[in-house]
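What follows is one structure encoded as structure tokens, with my remarks underneath.
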């Protein structure tokens, strides 16, 4: 039965793929020098202030390339995924700035990879509800790279965690981040695996940017396909001694995504309190999506399962249920996982990206004498939708 154990905020949102990108866990990187810390603070303040001046049409586009393999056991199993990543402002209703995240091929056509086939919406607050200070790790050098027909004053951050089986992580940020505030001034990024079982990595570089028109306006988009911010989902957990409904809720502020999780009915509402949520930068999260899509393969995880319908309230979602049998300490168990057959189905409108690519329900049964089955535990998504702006 699938039960997640969160070890860092990035893994909480997108699993091991993003922990690979950010190097969550033990690190070998150095702390920024006092001078660099001052520079980071100034750059972060520029980006934060720019969110208040967001205009419809502000846009940044990156070229990306992700590679996995080959592995020693399968020399011909190397896979690649190339394309473009675009973030653009589609509506501004202060304090909310609505950002569209889209993945396409080099010609601008939608990708066939299921996880990246649809645009996502990210509402981002432009004001401040809490202090957000996330230093960039790594050894620091200054440089003057050229991207999108322009020379930039920039800073390169290199975090080498290969001595502890971690990745080699490089990020290049513009010192003046106002034009690229959607990604905090990111010009170039790469992450290369070292101690992982499957070699690979991801690279992206700025291709173009555009400023929107003063006075331009557009209606607020429906949160049918939220990356996370502005939406929530509830999962009922029945696994002794735990019997509760957990709510996972997302928001975003000034380029950082916040994720809160907690049981319902305890007097605390995760969607109302993000004070303890650890921020993860928007650029790191969206950069992780192509890598996760590559290493996770196509959807659904099993094509041989039983076809059916997953029902929650008045929502009906085509599903696939995979079943397997295992012997645990002399007792036979039957495990069942139900997935969305089509993760972009209309019945899933409003469901955060994270939950679309998990099991909708999972459970196990003990097999007793005579083949009689006894429920052993499980979990199931029981509700979801936007908390910002109502239901889609």
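Residue numbers (the working numbering): 9 to 400. Built from N, CA and C at the ideal position, the CB exists for glycine as well. Bear in mind the structure is a predicted one, so any value in this text is a computation, not a measurement.
With DSSP run on the structure shown, which of helix, strand or coil describes residue i?
i: residue 394; result: strand
i: residue 152; result: coil
i: residue 222; result: coil
i: residue 355; result: helix
i: residue 198; result: strand
i: residue 304; result: helix
i: residue 74; result: strand
i: residue 2; result: Residue 2 is absent from the structure shown; the chain starts at 9 and stops at 400.
i: residue 131; result: strand
i: residue 260; result: strand
i: residue 5; result: Residue 5 is absent from the structure shown; the chain starts at 9 and stops at 400.
i: residue 122; result: helix
i: residue 61; result: coil
i: residue 344; result: strand
Skipping 5 residues on each side, what residues in its chain have a beta carbon closer than 8 Å to that of residue i?
i: residue 127; result: 108, 109, 110 and 233
i: residue 335; result: 341
i: residue 248; result: 385
i: residue 152; result: 159, 160, 161 and 162
i: residue 287; result: 17, 140, 142, 261, 264, 265 and 266
Can you tell me the Cα-Cα spacing of residue i and residue j, whole angstroms?
i: residue 279; j: residue 369; result: 23 Å
i: residue 144; j: residue 338; result: 50 Å
i: residue 93; j: residue 150; result: 26 Å
i: residue 217; j: residue 66; result: 8 Å
i: residue 297; j: residue 124; result: 8 Å
i: residue 317; j: residue 180; result: 46 Å
i: residue 163; j: residue 183; result: 7 Å
i: residue 322; j: residue 392; result: 12 Å
i: residue 112; j: residue 169; result: 31 Å
i: residue 378; j: residue 312; result: 27 Å
i: residue 105; j: residue 141; result: 20 Å
i: residue 387; j: residue 246; result: 6 Å
i: residue 299; j: residue 207; result: 12 Å
i: residue 396; j: residue 380; result: 46 Å
i: residue 226; j: residue 136; result: 24 Å
Skipping 5 residues on each side, what residues in its chain have a beta carbon closer than 6 Å to that of residue i?
i: residue 253; result: 242, 244 and 272
i: residue 256; result: 241 and 269
i: residue 60; result: 134
i: residue 96; result: 67 and 108
i: residue 62; result: 97, 100 and 105
If you drop the 5 nearest sequence neighbours on each side, which residues of the same chain put their C-beta closer than 7 Å to that of residue i?
i: residue 302; result: 74, 76, 87 and 89
i: residue 71; result: 92, 212, 213 and 215
i: residue 122; result: 306, 307 and 351
i: residue 347; result: 308, 309, 327, 328, 367 and 368
i: residue 356; result: 325, 348 and 364
i: residue 101; result: 228
i: residue 118; result: 112 and 125
Measure how close the beta-carbons of residue i and residue j come, nearest whole angstrom, since I'm counting them as under 8 Å.
i: residue 238; j: residue 394; result: 5 Å
i: residue 265; j: residue 231; result: Not really, about 15 Å apart at Cβ, beyond 8 Å.
i: residue 154; j: residue 178; result: That belief does not hold up - the Cβ atoms of residue 154 and residue 178 are roughly 17 Å apart, past 8 Å.
i: residue 260; j: residue 132; result: 4 Å
i: residue 341; j: residue 320; result: Contact flag wrong, Cβ pair sits at about 26 Å.
i: residue 373; j: residue 362; result: The pair is not a contact, with the Cβ atoms about 27 Å apart (cut-off 8 Å).
i: residue 293; j: residue 190; result: Not really, about 12 Å apart at Cβ, beyond 8 Å.
i: residue 196; j: residue 209; result: Not confirmed; about 13 Å, so no contact.
i: residue 146; j: residue 166; result: 5 Å
i: residue 235; j: residue 129; result: 7 Å
Compare the beta carbon distance of residue i and residue j with 8 Å and say whether it is the shorter of the two.
i: residue 55; j: residue 220; result: no
i: residue 360; j: residue 282; result: no
i: residue 229; j: residue 325; result: no
i: residue 262; j: residue 139; result: no
i: residue 85; j: residue 186; result: no
Could you tell me whether any Cβ in chain C is nearer than 8 Å to the Cβ of residue i?
i: residue 256; result: Given the protein chain composition of this structure (a single chain), no chain C is represented.
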